[in-house]
Amino acid sequence: MELAMIISISSCLCLVLLLPLIRFLHKVWWTPIRLQRNNFLNWYGPKPQLVVTDPELIKEILTKDGLYQRGEIPSFVKKLIGDGILASKGQKWAKLRKIANHAFYTESLKHMIPAITASVDAMLTRWSQHEGKEIDMFEEFRVLTSEVISRTAFGSSYKEGKNIFDMLKKLAELISLKQFQVRSPLIGKLVKSKEEIEEDKLDKAIQEKVINIVKRREEQMMTGGENGLASDFLGSLIKASHDPDVKKRVSQQEIIDECKTFYNSGQDTTTSLLSWAALLLAIHTDWQHKARIEVLKVFGRENPSPEGISKLKTMSMIINETLRLYTPVLNVVRNVKSEIRLGKFVLPANMELLIPPLALHHDPNIWGRDVHLFKPERFEDGVAKATNGNSMAFLPFGYGPRFCVGMNFASAEVKIALAMVLQRYKFTLSPSYVHAPLKVLTVRPQHGVPVILQAL
Ligand code: HEM
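Residue numbers (my numbering): 174 to 629.
Given below as structure tokens:
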């Protein structure tokens, strides 16, 4: 009895002494070791970048937008997205973000669903020619997302919108080639290459087309001919260009830049997600089967409805696991505005900080030893449970005030597209598939995703 008491008192004492020691070691040894291990300096040409993977520091960076601002967009990317919401800061950003939030909030999204289903329908009609044969899902989804964004962003001006987006696509192709080209800066300044001349021509034609659509829409607005003017994104922008409050008013150039931004940020990213999801479902046919059963239970053979989309739980798990394994956006970059302390670092002004979502998504300490496996069941009880409450462990759409404004739009589009494909087809990976993820602007399957289609 006495011995037992002595043992329990001494264990309590040990615990009382041990706890502060553990806390002390955690602070002076483990935390610095962890920091040192997780963050490192990377040289991007002559530019140092601090790569930050520590969740606490990432949260600090992404929530304090005034102190850590979105970095300068490379000039070749700026040609594509202009000076729109992605590139802007401060008041201009707040103004544009408000318009975009409104255009893509849940209620507005409901009105976009018929446009999305119509685009998927058109794609599936094309597919009837490929039954029993091979089809490249990457190429199909690239056309689909371009169609969807044209219809949803331009609404009644869809046809002209599509024409603008075709030119933007050409511009994107020319510009993405350029990121791998090395030219003498002197010659580059004096002589324009063939591609640069083509870029300038496209740029000018895009500007003219957007101006024409805006003019026509304005005329319709004046004569009261178009009731649904503000229901599409372009309509919201045109409405804002007439705002009586000068601070809220957007200029013609801002409208053009927003059109460019939304096309480029909305199309490439969603194509990437859809393509990787298709690849994973073509390999993991058990999950394809589960997803199809769910889709047929919720919608039967009918087109997806807004109420049904939120009931697709298995589909959400598959999408999250795809975003975790094949994150479309590889880097989230911020610039230090003025000298600042971040954790143990004192960072100079203009220092570039790089947050790599992919590294967090593939960290075995967060996700476990099966981190590289496709296991949608991780997300069975939601993202918070899957990440053990570590909100920085899963960042496909960023975090903080500048997180992706198109997140709900992209999720709805992807769910509708996959649901309608699963209603009509089974698919398996073609032997011609070559696994070669490539980062252009987002991560894409370099040689496409060829699958064999089988009608149900
Ligand atoms: C799977 C699809 C998508 C992914 C993975 C994705 C990812 C992201 C990420 C990571 C950011 C944050 C970048 C940062 O903090 O620096 C972002 C921002 C943004 N995204 Fe998306 N995105 C997707 C779809 C879309 C769509 C469909 C649209 C438009 C229709 C869109 C428009 C934007 C815009 C405008 C921003 C900038 C927001 C701001 O600066 O306030 N995205 N996206």
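For glycine and all other residues, C-beta sits at the position ideal for the given N, C-alpha and C.
Could you say which of the options lies nearest to residue i if we only look at CA atoms?
{"i": "Val224", "options": "Asp459, Phe435, Met490, Leu527", "result": "Leu527"}
{"i": "Tyr241", "options": "Pro221, Gly263, Asp405, Phe338", "result": "Gly263"}
{"i": "Ile348", "options": "Pro247, Val293, Asp227, Glu391", "result": "Pro247"}
{"i": "Leu485", "options": "Glu475, Gly573, Val471, Leu363", "result": "Val471"}
{"i": "Val578", "options": "Gly541, Thr434, Glu512, Thr487", "result": "Thr434"}
{"i": "Leu498", "options": "Ala276, Pro604, Gln302, Pro610", "result": "Pro610"}
{"i": "Glu245", "options": "Met178, Trp300, Ile195, Glu525", "result": "Glu525"}
{"i": "Arg597", "options": "Glu368, Lys283, Val468", "result": "Val468"}
{"i": "Leu629", "options": "His462, Phe314, Asp543", "result": "His462"}
{"i": "Ser603", "options": "Ser292, Gly473, Ala455", "result": "Ala455"}
{"i": "Ser292", "options": "Ser183, Glu586, Lys558", "result": "Glu586"}
{"i": "Pro521", "options": "His303, Lys251, Pro221", "result": "Pro221"}
{"i": "Asn437", "options": "Val556, Leu198, Lys558, Lys252", "result": "Lys252"}
{"i": "Met565", "options": "Leu190, Ile182, Glu229", "result": "Glu229"}
{"i": "Ile231", "options": "Arg542, Ile286, Pro530", "result": "Pro530"}
{"i": "Arg270", "options": "Gly541, Ala413, Thr560", "result": "Ala413"}
Report buried or exposed for residue i, applying the criterion of at least 16 other Cβ atoms within 10 angstroms of its Cβ.
{"i": "Pro205", "result": "The predicted position of Pro205 is uncertain, since its pLDDT is 49 and thus under 50; a value taken from the coordinates is nonetheless stated next. Looking at its Cβ environment, which holds fewer than 16 other Cβ atoms inside 10 Å, Pro205 is exposed."}
{"i": "Lys365", "result": "exposed"}
{"i": "Lys374", "result": "exposed"}
{"i": "Leu194", "result": "exposed"}
{"i": "Glu553", "result": "exposed"}
{"i": "Arg551", "result": "buried"}
{"i": "Ala450", "result": "buried"}
{"i": "Ala177", "result": "exposed"}
{"i": "Glu372", "result": "buried"}
{"i": "Glu392", "result": "exposed"}
{"i": "Leu190", "result": "exposed"}
{"i": "Thr298", "result": "exposed"}
Can the beta-carbon of residue i be found closer than 8 Å to that of residue j?
{"i": "Thr500", "j": "Leu453", "result": "no"}
{"i": "Pro618", "j": "Glu307", "result": "no"}
{"i": "Thr279", "j": "Asn581", "result": "yes"}
{"i": "Ile411", "j": "Arg390", "result": "yes"}
{"i": "Asp430", "j": "Asp256", "result": "yes"}
{"i": "His534", "j": "Phe567", "result": "yes"}
{"i": "Asp294", "j": "Leu344", "result": "no"}
{"i": "Ile482", "j": "Lys367", "result": "no"}
{"i": "Asp405", "j": "Phe277", "result": "no"}
{"i": "Pro549", "j": "Ile491", "result": "yes"}
{"i": "Gly439", "j": "Ile322", "result": "yes"}
{"i": "Leu614", "j": "Asp441", "result": "yes"}
{"i": "Gly516", "j": "Asp227", "result": "yes"}
{"i": "Val505", "j": "Glu512", "result": "no"}
{"i": "His275", "j": "Leu626", "result": "no"}
{"i": "Phe249", "j": "Ser448", "result": "no"}
{"i": "Leu503", "j": "Lys612", "result": "yes"}
{"i": "Ala673", "j": "Ile258", "result": "Examination of residue 673 is not possible in this model, given that the chain is present from 174 through 629 alone."}
{"i": "Arg324", "j": "Ala288", "result": "yes"}
Determine the direct distance from the alpha carbon of residue j to that of residue i, and round the result to whole angstroms.
{"i": "Leu341", "j": "Phe213", "result": "37 Å"}
{"i": "Gly401", "j": "Gly334", "result": "Because the pLDDT of Gly401 is 48, which lies under 50, any placement of that residue in the model is unreliable, and the question is left without a value."}
{"i": "Thr443", "j": "Phe570", "result": "11 Å"}
{"i": "His457", "j": "Ala260", "result": "39 Å"}
{"i": "Thr290", "j": "Lys268", "result": "31 Å"}
{"i": "Asn508", "j": "Met310", "result": "37 Å"}
{"i": "Asn118", "j": "Lys420", "result": "The chain is shown only over 174 to 629; residue 118 falls outside these bounds and no answer can be derived."}
{"i": "Asn476", "j": "Ser319", "result": "20 Å"}
{"i": "Glu381", "j": "Trp300", "result": "35 Å"}
{"i": "Met593", "j": "Ala464", "result": "11 Å"}
{"i": "Phe338", "j": "Asn523", "result": "34 Å"}
{"i": "Gly473", "j": "Thr487", "result": "16 Å"}
{"i": "Leu317", "j": "Val616", "result": "18 Å"}
{"i": "Val556", "j": "His284", "result": "27 Å"}
{"i": "Leu282", "j": "Trp266", "result": "22 Å"}
{"i": "Glu312", "j": "Val607", "result": "15 Å"}
{"i": "Val544", "j": "Glu233", "result": "26 Å"}
{"i": "Lys558", "j": "Ile539", "result": "11 Å"}
Over what stretch of residues does the alpha helix (DSSP H) that includes residue i continue unbroken?
{"i": "Leu410", "result": "406–413"}
{"i": "Glu368", "result": "367–395"}
{"i": "Ala170", "result": "The chain is shown only over 174 to 629; residue 170 falls outside these bounds and no answer can be derived."}
{"i": "Lys262", "result": "Lys262 -> no alpha helix (DSSP H), and no H or E assigned at all."}
{"i": "Ile234", "result": "228–236"}
Along the chain, where does the beta strand (DSSP E) that runs through residue i open and close?
{"i": "Lys612", "result": "610–612"}
{"i": "Ile528", "result": "525–528"}
{"i": "Glu307", "result": "307–309"}
{"i": "Thr601", "result": "598–602"}
{"i": "Val661", "result": "Outside the shown range of the chain, which is 174 to 629, sits residue 661, and nothing can be said about it."}
{"i": "Tyr278", "result": "From DSSP, Tyr278 is part of no beta strand (DSSP E); its letter is neither H nor E."}
Determine, using beta carbons only, whether residue i comes closer than 8 Å to chain B.
{"i": "Lys484", "result": "No chain B appears in this structure, which consists of one protein chain only."}
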